[in-house]
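Reading the sequence shown from the start, the letters are residues -17 to -1, 1 to 178 in mature numbering (1 follows the signal peptide of the UniProt record, and there is no 0).
Even glycine gets a Cβ: it sits at the ideal position worked out from N, Cα and C.
Please read all numbers here as calculations on a predicted model, not as lab measurements.
Report on the following structure.
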Amino acid sequence: MFTYLLLCTTACIVVVATVGHQHVCPSGWVRNDQSCYLLTDEHPADRHGPDQSDAKEFCLDRNSHLAMVTSEKENTYLKSWLNAAINDSTEGIWLDGNDYFGRFYWEWGTTYEQINYTDFVPNSGKYGQCMIMSPQFNYSWVPENCYKQTNMKYLCEQDLCNSNVVVVVVVVVVVVVVVVVVVVVVVVEEEIVVW
């Protein structure tokens, strides 16, 4: 019986430790739903600011990617957060949107998803094949020259695991393991008593 209690306690500790780590963003990052965000303007010392390729490289080095806004809820949150967080002369925040054949797409590694144009300002007076969120247009999306460096920031996004699925899988696995171990322990103890 002591073995059974020890196994159950261990299983509970494993579940709590695993579930607890599903919701943690790195230090300095901000969490919203299933994503963590980092707003920065770090750039190579020989430049005035990051261009889009600098921004992509920086994010990749931190196990993330330039932000891809995939829902109205996410867009509303980011606009509100950026409006409160930025109080300088930033001209734009790099996103991972790019123009391919006259249409903007989010870049998912080797696949592309066409961007919903509800918050896109094509007649902003800005031209380019990359996308920014522009303070000038209340953080709506506008095209920008991919190599622009002056007064630019960027937004890295790190996707968190779908914690509900992870929790269910972990709990099921732990319960199955505990049941199997308890059955084995009971059978072994009964055989010892019989001898």
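Cβ-based burial, residue i [other Cβ within 10 Å; buried from 16]
i	result
glutamate 40	exposed
valine 125	buried
aspartate 79	buried
glutamate 25	exposed
alanine -1	Because alanine -1 carries a pLDDT of 49, less than 50, the predicted location of this residue cannot be relied on, and the following value inherits that uncertainty. Exposed.
aspartate 37	buried
threonine 93	Since pLDDT at threonine 93 reaches only 48, below the 50 mark, its modelled position is unreliable, and the value read off the structure follows with that caveat. By the neighbour-count rule (16 or more Cβ atoms within 10 Å), threonine 93 is not buried but exposed.
glutamate 55	exposed
serine 72	exposed
histidine 48	buried
Limits of the unbroken beta strand (DSSP E) element including residue i
i	result
tryptophan 124	123 to 127
serine 10	Careful: serine 10 lies outside any beta strand (DSSP E) and carries neither H nor E.
lysine 136	135 to 142
threonine 23	18 to 23
serine 72	Careful: serine 72 lies outside any beta strand (DSSP E) and carries neither H nor E.
serine 117	113 to 117
Beta-carbon proximity check, residue i vs residue j, cutoff 9 Å
i	j	result
glutamine 112	asparagine 81	yes
glutamine 119	glutamate 57	no
leucine 43	alanine 50	no
tryptophan 77	glutamine 35	yes
lysine 136	proline 33	yes
tyrosine 110	methionine 116	no
threonine 59	tryptophan 89	no
Residue range of the unbroken alpha helix (DSSP H) whose run includes residue i
i	result
serine 47	It is not in any alpha helix (DSSP H) - serine 47 carries neither H nor E in the DSSP assignment.
The region 12 to 23 in contact with the region 134 to 142 per 3-pair CB rule at 8 Å: yes
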